[in-house]
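Position one of the sequence shown corresponds to residue 2 (the working numbering), numbered consecutively onward.
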Amino acid sequence: MFLRTSLAAVAAALILVACGGGGDGPSTPPGPRTTAVKVVGDSLSDSGTFGIKFTVQGTTAPSLIWTDRVAAAVAAPALCPRYSAPGGIPALNPAATACTSYGVGSGRINPRGEPDTTRFSVVQQLKDVRAQSPYNPEELLLVDGGGNDIADLVGDYLAAPGDAGAAFLGLAGELLMPGEMAGLTLEQIGGVYMSKLADRLANALAAEALDRGAQRVVVITAPDVTRTPRFTAVLAGVEATVNAGGGNGAAAAAGIKALANQWTVAFNTQLKARFAGHSRVAVVDFYAELNKWLDTPATYGLTNTTTPACPVVGVDGQGLPAYNIATCTDTLLSATPPTGDWWKTYVFSDNFHGTPRTNELMGQLVVQALEAKGWK
């Protein structure tokens with residue numbers, strides 16, 4: 002998700018933060034045809050806007066993320082990025098008009114303080130998809146988002162003791178009216194904001210896709226970002242600093258983790274409610290599935306749920322371990338002790354993004370949803 006979370010001093014705490022038939026007899030009717038897969042979202046679904054994918058980079062074979070695997074499973078054309086970002090700012094690539102993947106690393110449903118016309122906005126991505134060509138009944142739209150928005154909110158909450166909640170209330174005020182926040186604590190406002198964020202995504206999907214003829218839409222829920230290595234490191238820092246100040250660091254860290262999870266659940270619950278029983282929308286519970294992978298890894302062929310496979314390259318501006326996913330290749334990892342395929346059963350590539358195995362599992366999850374809907 003190309004997470005950008007700030008680490009600031011908060012009181013005495015350190016903070017962020019196919020199908021077919023054959024034979025001589027009667028054959029099974031072919032499944033629904035998929036002519037194209039269209040994608041919007043953040044780094045989890047970025048097909049290469051910045052020249053990389055947010056997983057281990059493939060040198061002997063292209064890196065595959067979950068959207069690639071879904072496209073292959075429905076026999077649709079391979080995905081390629083619709084945007085390019087030579088100057089770091091995503092824009093429509095005139096040489097990629099046939100491409101249908103609009104996901105952008107660092108994408109958000111509500112980019113803080115930015116107009117919705119930026120391609121970091123999932124809402125704008127949906128508008129660009131619609132403007133490119135009309136939807137036809139045989140196209141599939143994949144949607145993800147919300148993880149970076151959650152991280153923004155948590156970061157602002159943790160900074161509240163230092164700025165009297167100005168950043169937090171400023172962000173919340175981009176979606177909420179003053180009356181919606183009156184009399185509420187920051188914790189309560191966060192839950193209302195995340196529900197409103199889900200509404201924002203649902204409304205954009207209705208206006209830009211469903212009302213425009215989209216017949217097959219898959220939306221994935223936001224994951225619990227507190228279970229990523231990055232957030233784990235942040236919480237460890239909070240605990241240590243609070244302890245150093247004579248407080249109960251474990252309780253402080255646990256409270257932050259629980260609150261962030263509560264806000265994530267609020268977002269996902271509202272998203273599910275908005276599309277409950279919708280014949281043209283499948284909501285895939287990535288939140289629940291990721292938790293299964295992390296809680297029972299052996300069931301899914303996973304061996305490491307906490308350590309990034311990519312090497313640490315230094316320390317970032319927040320004092321946390323830094324990783325360079327652009328230089329983290331399959332060849333590099335396979336040559337790193339223990340040599341071989343050890344990294345292929347890790348959950349995380351860097352401290353926030355999944356490995357190819359994680360993307361494979363995610364793709365399988367979505368394909369199961371397509372089959373349940375009769376779309377494959």
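Each residue gets a CB set at the ideal place from its N, CA and C atoms; glycine is no exception.
Considering only residues of the same chain and omitting the five flanking positions on each side of V368, which have a CB-CB separation below 7 Å? Reading the sequence shown from its first residue, position 367 is the one you call residue 368. So the list reads V71, A74, K377, once near-sequence residues are dropped.
Assign M178 to buried or exposed, taking buried as 16 or more other Cβ atoms, counted over all protein chains shown, within 10 Å of its Cβ. Residue 178 sits at position 177 when you count from the first residue of the sequence shown. Its Cβ having fewer than 16 others within 10 Å, M178 is exposed.
Discussion item. Quick check on the burial criterion: 16 or more other C-beta atoms within 10 angstroms. Buried or exposed for Q319?
Written reply: Along the sequence shown, one-based indexing puts residue 319 at 318. Label assigned to Q319: buried.
According to DSSP, F51 sits in a beta bridge with which residue or residues?
In the sequence shown, counting from the first residue as 1, residue 51 sits at position 50. DSSP lists no partner for F51.
Note to self: Quick check on the DSSP output: the alpha helix (DSSP H) that includes R201 runs from which residue to which?
What the structure shows: Position 200 of the sequence shown, counted from the start, is the residue given in the question as residue 201. Looking at the DSSP string, the run of the alpha helix (DSSP H) that includes R201 is 187-209.
message = Mapping the DSSP letters down to three states, classify N137 as helix, strand or coil.
response = Counting from one through the sequence shown, the residue named residue 137 turns up at place 136. N137 falls in the coil class under three-state DSSP.
With a cut-off of 8 Å on the beta carbons, I'd call A370 and F276 a contact; round off their distance for me.
Taking the first residue of the sequence shown as 1, we reach residue 370 at position 369. Taking the first residue of the sequence shown as 1, we reach residue 276 at position 275. Not a contact, Cβ separation roughly 12 Å.
Practice prompt. Return yes when the Cβ of G375 is within less than 8 Å of the Cβ of P378, no when it is not.
Written response: Residue 378 lies beyond the residue range present for the chain, which begins at 2 and ends at 377; the question has no answer from this structure.
query: Applying the criterion that 16 or more other CB atoms from any shown protein chain within 10 Å of the CB defines a buried residue, is E372 buried or exposed?
result: Residue mapping note: residue 372 aligns to position 371 of the sequence shown, counting from 1. With fewer than 16 other Cβ atoms within 10 Å, it is exposed.
Taking three-plus beta-carbon pairs below 8 Å as touching, is the stretch 256-263 in contact with the stretch 316-331?
no
With a threshold of 16 other CB atoms inside 10 Å of the CB of V105, please say whether the residue is buried or exposed.
In the sequence shown, residue 105 corresponds to position 104, counting from 1. Classification for V105: buried.
How long is the line joining the alpha carbons of N94 and G42, rounded to whole angstroms? The residue labelled residue 94 in the question sits at position 93 within the sequence shown. The residue labelled residue 42 in the question sits at position 41 within the sequence shown. Going from the Cα of N94 to the Cα of G42 covers about 17 Å.
- request: Please name the residue or residues paired with A323 in a DSSP beta bridge.
  value: Translated into the one-based positions of the sequence shown, residue 323 becomes position 322. G315.
Tell me the rounded alpha-carbon separation between N360 and V282. By 1-based counting over the sequence shown, the position of residue 360 is 359. By 1-based counting over the sequence shown, the position of residue 282 is 281. About 21 Å.
Neighbourhood of T118 by C-beta distance below 6 Å, restricted to the same chain and skipping five residues each side: To locate residue 118, count along the sequence shown from 1; it is residue 117. If we look at T118 and ignore the five residues flanking it on each side, its Cβ neighbours are Q125.
**Prompt:** When you compare only the Cα positions, how much space is there between R131 and T60?
**Reply:** As a working mapping, residue 131 is identified with position 130 in the sequence shown. As a working mapping, residue 60 is identified with position 59 in the sequence shown. Their Cα atoms are separated by approximately 34 Å.
Look at V226 and L141 and say whether their C-beta atoms are less than 8 Å apart. Taking the sequence shown and counting its residues from 1, one reaches residue 226 at position 225. Taking the sequence shown and counting its residues from 1, one reaches residue 141 at position 140. No. Outside cutoff.
(request) Would you mind working out which of S85, A62, A223 sits nearest G49, comparing C-alpha positions? (result) Within the sequence shown, residue 49 is the residue found at index 48, counting from 1. For G49, the nearest C-alpha among the options comes from S85.
DSSP-derived helix/strand/coil call for I110
Counting from one through the sequence shown, the residue named residue 110 turns up at place 109. DSSP places I110 in coil when its eight states are reduced to three.
* V218 in three-state terms, based on DSSP -> Against the sequence shown, residue 218 aligns to sequence position 217. In the structure shown, V218 sits in a strand (DSSP, three-state: E or B).
**Message:** Could you tell me which whole alpha helix (DSSP H) segments of length 4 or greater appear in the stretch 225-291?
**Reply:** 230-245, 250-275
| request: Give the straight-line distance between the Cα atoms of T265 and A79, rounded to the nearest whole angstrom. | output: By one-based count along the sequence shown, residue 265 stands at place 264. By one-based count along the sequence shown, residue 79 stands at place 78. Straight-line Cα distance between these residues: approximately 32 Å.
Beta-carbon contacts of A37 that lie in its chain and below 6 Å, excluding the five residues immediately before and after: For this step, residue 37 is matched to residue 36 along the sequence shown. Contacts found: A77, T101, E140.
key: Check: A267 C-beta below 7 Å from any heavy atom of the ligand GTP   = What this structure holds is no ligand at all, so the ligand GTP is not there to describe.
First and last residue of the uninterrupted alpha helix (DSSP H) at V155
Indexing the sequence shown from 1 puts residue 155 at position 154. Taken as a continuous stretch (DSSP letters only), the alpha helix (DSSP H) holding V155 covers 148-164.
Legend entry - Pair within 8 Å by beta-carbon distance, M195 and F268: Counting from 1 along the sequence shown, the entry for residue 195 is found at position 194. Counting from 1 along the sequence shown, the entry for residue 268 is found at position 267. Their beta carbons are under 8 Å apart, which means M195 touches F268 by this criterion.
Checklist line | Opposing strand residues paired with Y84 [DSSP bridges] | finding: Counting from one through the sequence shown, the residue named residue 84 turns up at place 83. Answer is L93, bridged to Y84.
Margin query: Out of K39, I53, T68, which one is the CA nearest neighbour of Q365?
Written below: What you label residue 365 is simply residue 364 of the sequence shown in a count that begins at 1. Ranking K39, I53, T68 by Cα distance to Q365 puts T68 first.
Open item on the list: Quick test of the definition: if touching needs 3 or more C-beta pairs under 8 Å, does the stretch 300-316 touch the stretch 343-359?
Closed with: yes
message = Please state the DSSP three-state secondary structure of T346.
response = In the sequence shown, residue 346 corresponds to position 345, counting from 1. In the structure shown, T346 sits in a helix (DSSP, three-state: H, G or I).
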